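Q: If you scroll down you'll find the structure; I have some questions about it.
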Amino acid sequence: MSKHTTILGAACVLGMALAAVPAAAATLTGFAGDVTTSYGQNDVDHGDNLKNWLLGGNVAGPLSDLPNLNFQFDASYASIWQDHFSAEDWNLGGSFFWASNDGRVGINANYNTLTHSGHDTNYGAFGEWYFGNITGMAKGGWISNGGAAQGGHGNYLGAALSGYFVPDLALTAGVEWAQALSGQGCQTCGRTGADITALEIAAEFLFSEDYGVSGFASYTHQTTHFAGDDFDDNAFRIGLRWYTGGGSLIDRHRNGTLNPWLPAIGITRD
776 MSKHTTILGA
786 ACVLGMALAA
796 VPAAAATLTG
806 FAGDVTTSYG
816 QNDVDHGDNL
826 KNWLLGGNVA
836 GPLSDLPNLN
846 FQFDASYASI
856 WQDHFSAEDW
866 NLGGSFFWAS
876 NDGRVGINAN
886 YNTLTHSGHD
896 TNYGAFGEWY
906 FGNITGMAKG
916 GWISNGGAAQ
926 GGHGNYLGAA
936 LSGYFVPDLA
946 LTAGVEWAQA
956 LSGQGCQTCG
966 RTGADITALE
976 IAAEFLFSED
986 YGVSGFASYT
996 HQTTHFAGDD
1006 FDDNAFRIGL
1016 RWYTGGGSLI
1026 DRHRNGTLNP
1036 WLPAIGITRD
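Here it is in structure tokens:
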């Protein structure tokens, strides 16, 4: 069974920091944005090696009449190909979140469509909390699939720990889980479903605080349990990201656009 995993590189770090790093964070006082381009490969179990190129961007800003409340819009395009196959992946999303010196909490919705494979919609809640230079993140919500033979619905959960060894270097580790029930089945067995688990690690380094350019790399191991069988997918991604504004990487993550791990769901399509 083919699977597509869209993983935008996340920036964060595991473990305790080697030196004290300011935990600056607050509600947005102006607009912030980022643009990402990346190349990835998915080594699909019992399938071919899928390659993909992604271009995406996010813009966030304050809701001026509502203290500490902010919004963000997200959009991305990915071209996916292998021998004798190609597809296009589009994603549009939006979030509303409350930000303080201690963290951020919010709600989001994302719509994703993939050529020949229908569409996914996820909507839910997310949060991140700051403990010095360590960040804890969590998310959860609902999934709806349609436009394909296996359309249905389900749920997702995720958690991650992050920290910063130095202000411009970040590493992350997270786990995501999703269960998607198919709209099809049989009279005796009911609807079929898939349980999907993804383990993720990533690194990001800000090359220049003046120009806001960083590089990142990520690896995800995804296991899908479907119809009594397990299917594995190893996804690798490298890319570049450009941030507006100034400051270190930790400042940009906590005072700019949302960490891409929070609103994005990378494991809903099997």
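The working numbering puts the first residue of the sequence shown at 776, with every later residue one more than the last.
The C-beta atom is built at its ideal place from N, Cα and C for all residues, glycine as well.
This one's a predicted model, so the numbers in the text were calculated from it and none came from an experiment.
1) By the three-class DSSP mapping on this structure, what secondary structure does Asn1030 have?
2) In the DSSP assignment, the beta strand (DSSP E) including Leu844 goes from what residue to what residue?
3) Is the region 984-995 touching the region 1004-1014, taking contact as three or more C-beta pairs under 8 Å?
4) Suppose contacts are defined by Cβ-Cβ distances below 8 Å. Is Tyr939 in contact with Ala953 by that definition?
5) Glu863 and Thr896 look like a contact to me (Cβ under 8 Å); what is the Cβ gap, rounded to whole Å?
6) Determine the contact status of Ser870 and Pro1035, defining contact as a CB-CB distance below 8 Å.
7) Rounded to whole angstroms, what's the CA-CA distance from Gln857 to Gly805? Just pull it up for me.
8) Name, in chain order, the residues that DSSP records as bridge partners for Asn897.
9) Find the nearest neighbour of Ser854 within the set Trp904, Tyr905 and Gln816, judged by alpha-carbon distance.
10) Between the C-alpha atoms of Gly1022 and Glu984, what's the straight-line distance to the nearest angstrom?
11) Quick check: what's the CA-CA separation for His1000 versus Phe846?
12) Kindly give me the distance between the Cβ atoms of Gly831 and Gly808, rounded to whole angstroms, as I take these residues to be in contact under 8 Å.
13) Can you tell me whether Leu1024 is helix, strand or coil according to DSSP?
14) Find the nearest neighbour of Asn908 within the set Asp1026, Glu979 and Gly1031, judged by alpha-carbon distance.
15) What's the gap between the Cα of Val950 and the Cα of Asp970?
16) Less than 8 Å between the beta carbons of Asp943 and Tyr905, yes or no?
17) Got a sec? Which residues, its chain only, sit under 6 Å from Ala799 by beta carbon, not counting five neighbours each side?
18) Among Thr910, His928 and Gly911, which has the Cα closest to the Cα of Trp917?
19) Per DSSP, what kind of secondary structure is Leu825 in: helix, strand or coil?
20) Going straight from the alpha carbon of Phe901 to that of Asn887, what length do you get?
21) Tell me, to the nearest whole angstrom, how far the beta carbon of Glu975 is from that of Ala948; I am working on the premise that it is less than 8 Å.
22) Figure out for me which residue from Val819, Leu803 and Asn827 has the closest Cα to the Cα of Ser813.
23) Note down the Cα distance separating Ala794 from Ser937, rounded to an integer number of angstroms.
24) From what residue to what residue does the beta strand (DSSP E) around Gly907 run?
A: Let me lay it out:
1) For the purposes of this step, residue 1030 is identified with residue 255 of the sequence shown, where counting begins at 1. Residue state for Asn1030 is assigned as helix, using DSSP reduced to three classes.
2) As a first step, residue 844 is located in the sequence shown; it is residue number 69 there, counting from the start. In the DSSP assignment, Leu844 falls within the beta strand (DSSP E) that extends over Leu844 to Gln857.
3) With the cut-off at 8 Å, the region 984-995 and the region 1004-1014 touch.
4) Taking the first residue of the sequence shown as 1, we reach residue 939 at position 164. Taking the first residue of the sequence shown as 1, we reach residue 953 at position 178. No; because the gap between Cβ atoms is not below 8 Å, this pair is not in contact.
5) Translated into the one-based positions of the sequence shown, residue 863 becomes position 88. Translated into the one-based positions of the sequence shown, residue 896 becomes position 121. Taking 8 Å as the upper bound for CB-CB distance, Glu863 and Thr896 are not in contact here, some 18 Å apart.
6) Looking up residue 870 in the sequence shown gives position 95. Looking up residue 1035 in the sequence shown gives position 260. Not in contact: Ser870 and Pro1035 (Cβ atoms no closer than 8 Å).
7) Start at 1 with the first residue of the sequence shown, and residue 857 comes out as number 82. Start at 1 with the first residue of the sequence shown, and residue 805 comes out as number 30. Gln857 and Gly805 have their C-alpha atoms some 42 Å from each other.
8) The residue you call residue 897 lines up with position 122 of the sequence shown. Residue pairing of Asn897 in beta bridges, as defined by DSSP: Asn885 and Ile918.
9) On the sequence shown, residue 854 is found 79 positions in, with the first residue counted as 1. Residue nearest to Ser854 within the set Trp904, Tyr905 and Gln816 is Gln816 (criterion: CA-CA distance).
10) Here residue 1022 refers to the residue found at position 247 of the sequence shown. Here residue 984 refers to the residue found at position 209 of the sequence shown. Answer to the nearest angstrom: the Cα atoms are 6 Å apart.
11) As a working note, residue 1000 is residue 225 in the sequence shown. As a working note, residue 846 is residue 71 in the sequence shown. Straight-line measurement puts the Cα of Phe846 at about 36 Å from the Cα of His1000.
12) By 1-based counting over the sequence shown, the position of residue 831 is 56. By 1-based counting over the sequence shown, the position of residue 808 is 33. Between Gly808 and Gly831 the Cβ distance is about 11 Å, and since that is not below 8 Å, they are no contact.
13) Here residue 1024 is taken as the residue at index 249 of the sequence shown, counted from 1. Three-state result, Leu1024: helix.
14) Residue 908 sits at position 133 when you count from the first residue of the sequence shown. A check of alpha carbon separations from Asn908 across Asp1026, Glu979 and Gly1031 identifies Asp1026 as the nearest.
15) Counting from one through the sequence shown, the residue named residue 950 turns up at place 175. Counting from one through the sequence shown, the residue named residue 970 turns up at place 195. Going from the Cα of Val950 to the Cα of Asp970 covers about 13 Å.
16) Indexing the sequence shown from 1 puts residue 943 at position 168. Indexing the sequence shown from 1 puts residue 905 at position 130. Not closer than 8 Å, so no.
17) As a first step, residue 799 must be located in the sequence shown, where it is residue number 24. Its pLDDT being 49, under 50, Ala799 is placed unreliably by the model, and the measurement read from it follows with that caveat. In its chain, beyond the 5 residues on either side, Asp1026 have a beta carbon closer than 6 Å to the beta carbon of Ala799.
18) As a working note, residue 917 is residue 142 in the sequence shown. Ranked by Cα distance from Trp917, the first of Thr910, His928 and Gly911 is His928.
19) Stepping through the sequence shown from its first residue, residue 825 is reached at position 50. Taken through DSSP and simplified to helix, strand or coil, Leu825 comes out as strand.
20) Mapped onto the sequence shown, residue 901 falls at position 126. Mapped onto the sequence shown, residue 887 falls at position 112. Spanning the alpha carbons of Phe901 and Asn887 requires a straight line of approximately 19 Å.
21) In the sequence shown, residue 975 corresponds to position 200, counting from 1. In the sequence shown, residue 948 corresponds to position 173, counting from 1. Contact flag correct, Cβ pair sits at about 7 Å.
22) Within the sequence shown, numbered from 1, the residue matching residue 813 stands at position 38. When each option's Cα is compared against that of Ser813, the closest is Asn827.
23) Taking the sequence shown and counting its residues from 1, one reaches residue 794 at position 19. Taking the sequence shown and counting its residues from 1, one reaches residue 937 at position 162. Since pLDDT at Ala794 reaches only 37, below the 50 mark, its modelled position is unreliable, and no value is offered.
24) Within the sequence shown, the letter at position 132 stands for residue 907. Note, Gly907: premise wrong, no beta strand (DSSP E); not H, not E.
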